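If you're matching positions, the sequence shown starts at 15 in our numbering and goes up one per residue. All residues carry an ideal CB built from backbone N, CA and C; glycine is no exception. Note that this is a predicted model, so its numbers are computed, not measured.
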Amino acid sequence: MKKAKKIWAGICATLLLTLAVAQPLEPAYADTGDELEQQLQESAERKEELAEQIKEVEADKTRALEAKALLDERNILLQQEIDTVQKQIENTEASIAEYEQKEAEQYELFCQQVRQEEERGTVSYWSVLFNATDFADLLSRIDFINEIMDYSQRIIDDLRQTREQLDTSRQELVKQKETLDATQQELEEQITAAAQLVAEYASTQEGLEAMQAEEEKLFKETEQMLKDWYAQNGGTGDIDATSTQEVLKGLIWPSNARYITDKFGWRDAPTAGASTYHEGVDIGAPYYSDVYAAQSGTVIQAGWNGGYGYSVIIAHDFGVATLYGHMNDYYVSVGQTVSRGQVIGECGSTGISTGPHIHYEVRINGEKIDPLPYLPGYIAYW
Ligand SMILES: [Zn+2]
Numbered sequence: 015m016k017k018a019k020k021i022w023a024g025i026c027a028t029l030l031l032t033l034a035v036a037q038p039l040e041p042a043y044a045d046t047g048d049e050l051e052q053q054l055q056e057s058a059e060r061k062e063e064l065a066e067q068i069k070e071v072e073a074d075k076t077r078a079l080e081a082k083a084l085l086d087e088r089n090i091l092l093q094q095e096i097d098t099v100q101k102q103i104e105n106t107e108a109s110i111a112e113y114e115q116k117e118a119e120q121y122e123l124f125c126q127q128v129r130q131e132e133e134r135g136t137v138s139y140w141s142v143l144f145n146a147t148d149f150a151d152l153l154s155r156i157d158f159i160n161e162i163m164d165y166s167q168r169i170i171d172d173l174r175q176t177r178e179q180l181d182t183s184r185q186e187l188v189k190q191k192e193t194l195d196a197t198q199q200e201l202e203e204q205i206t207a208a209a210q211l212v213a214e215y216a217s218t219q220e221g222l223e224a225m226q227a228e229e230e231k232l233f234k235e236t237e238q239m240l241k242d243w244y245a246q247n248g249g250t251g252d253i254d255a256t257s258t259q260e261v262l263k264g265l266i267w268p269s270n271a272r273y274i275t276d277k278f279g280w281r282d283a284p285t286a287g288a289s290t291y292h293e294g295v296d297i298g299a300p301y302y303s304d305v306y307a308a309q310s311g312t313v314i315q316a317g318w319n320g321g322y323g324y325s326v327i328i329a330h331d332f333g334v335a336t337l338y339g340h341m342n343d344y345y346v347s348v349g350q351t352v353s354r355g356q357v358i359g360e361c362g363s364t365g366i367s368t369g370p371h372i373h374y375e376v377r378i379n380g381e382k383i384d385p386l387p388y389l390p391g392y393i394a395y396w
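Spelled out as structure tokens, the structure:
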């Protein structure tokens with residue numbers, strides 16, 4: 015029994031480990047759009063990071079390939095040099111063989127000559143010693159032998175000297191080739207190392223690309239889940255937005271009211287302290303009516319905001335932000351993620367205001383733009 019328990023514990027541990035590893039590849043359980051948005055954002059960040067890593071490893075691989083190409087080129091030149099020296103060695107060896115042959119021939123010639131002279135009885139030591147008529151004759155006969163010998167000897171010596179010089183050259187060439195061979199061996203080791211590096215980078219890249227594909231799959235799944243969530247819970251969010259224009263196009267009315275009581279731009283200040291350049295539009299809505307987030311995003315301001323009274327600012331993607339002013343109350347806090355259409359407060363007349371309305375601003379990277387194009391079906395009331 016004890017043993018069975020241990021085995022079971024082992025299996026559980028293995029399962030847990032497998033799950034822990036596999037988890038990041040599956041969209042985690044989430045029951046709100048906020049959580050899904052968060053997951054999608056995290057997935058997008060991981061995708062971006064992976065893309066950056068792939069770019070880096072690709073650059074590394076390219077550099078390694080370039081380095082290898084240079085080494086290969088050097089090796090080709092070195093091989094040509096080695097081939098040239100090898101040819102020189104072969105030529106020298108052929109010359110040496112030729113001279114050795116000549117030496118042998120010369121020696122053979124000399125022997126033949128001596129044998130012939132001996133047969134004729136002219137240069138035999140025997141005849142030299144015993145047929146000499148007198149001492150002078152003896153000396154001249156010896157001289158004669160010496161002359162023949164000297165002559166052959168000189169030829170043989172010349173041949174040998176040339177052969178010895180050739181042999182010295184050959185030794186030098188062999189030494190030169192040995193040095194070149196050693197250099198080539200080193201170079202080939204470097205080439206092997208470079209090729210290995212290229213292979214390593216390629217393998218790393220492959221791994222990262224596989225991770226990227228998995229992350230892409232996870233991103234798509236999370237995106238679908240978020241779409242499904244929005245479909246069930248109202249609103250669709252701006253998850254498909256890929257540009258400022260798309261975020262702007264996705265803006266919805268922040269109120270059920272459709273009256274615009276004051277437009278964007280120059281105007282006469284409606285009350286003391288109000289600006290003469292109107293940086294938003296005023297939506298005439300009743301007290302306590304809902305104020306909606308025009309687009310999903312993150313709350314970056316919530317609370318008292320000078321002349322705006324109680325206001326909320328939401329940062330959306332691609333530098334777009336929206337402001338809702340003069341609210342009676344607000345329901346969100348800074349850092350909170352909100353979804354499109356979420357109620358963020360109630361209409362009021364706080365701050366510098368003459369009556370209940372929503373002062374609505376749209377900003378792109380802080381610059382205030384006319385929100386009217388993004389309020390379809392408005393009723394002009396100014
Ligand atoms: Zn206003």
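- Distances from the CA of residue 380 to each of 395, 351, 392, 337 were compared; the closest alpha carbon is that of 337.
- Distances between the C-beta of residue 373 and the heavy atoms of ligand 1 include at least one below 6 angstroms.
- For residue 305 against residue 359, the beta-carbon gap comes to about 4 angstroms, under 8 angstroms, which counts as contact.
- Around the C-beta of residue 309, 16 or more other C-beta atoms lie within 10 Å, and the residue is accordingly described as buried.
- Going by DSSP, residue 262 is part of the alpha helix (DSSP H) stretching over 258-263.
- Boundaries for residue 371: no beta strand (DSSP E) harbours it, and the DSSP string shows neither H nor E there.
- Between the alpha carbons of residue 112 and residue 216 lies a gap of roughly 56 angstroms.
- An exposed status is given to residue 238, since fewer than 16 other beta-carbon atoms sit within 10 Å of its beta-carbon.
- Residue 273: member of the beta strand (DSSP E) spanning 273-276, first to last residue.
- Pairwise C-beta distances place the region 48-65 in contact with the region 349-367, as three or more of them are shorter than 8 angstroms.
- When the beta-carbon positions are compared, residue 329 and residue 312 come within less than 7 angstroms of each other.
- Here residue 346 is near residue 316, since their CB atoms are less than 7 angstroms apart.
- In terms of Cβ geometry, residue 211 and residue 89 do not form a close pair [threshold 7 angstroms].
- In the three-state reduction of the DSSP assignment, residue 377 falls in the strand class, which pools E and B.
- In this structure, residue 272 places its C-beta atom within 7 angstroms of the C-beta atom of residue 393.
- A straight-line Cα-Cα distance of about 29 angstroms links residue 170 and residue 100.
- Comparing alpha carbon positions, the residue from 284, 283, 278 closest to residue 295 is 278.
- With fewer than 16 other CB atoms across the displayed protein chains lying within 10 angstroms of its CB, residue 130 is exposed.
- Here residue 187 really is in contact with residue 102; their C-beta atoms are around 5 angstroms apart, less than 8 angstroms.
- By a beta-carbon distance limit of 8 angstroms, residue 73 does not contact residue 208. Their separation comes to about 16 angstroms.
- Per the coordinates, the alpha-carbon of residue 261 lies some 7 angstroms from the alpha-carbon of residue 331.
- For residue 294, the distance from the CB to the nearest heavy atom of ligand 1 is below 6 angstroms.
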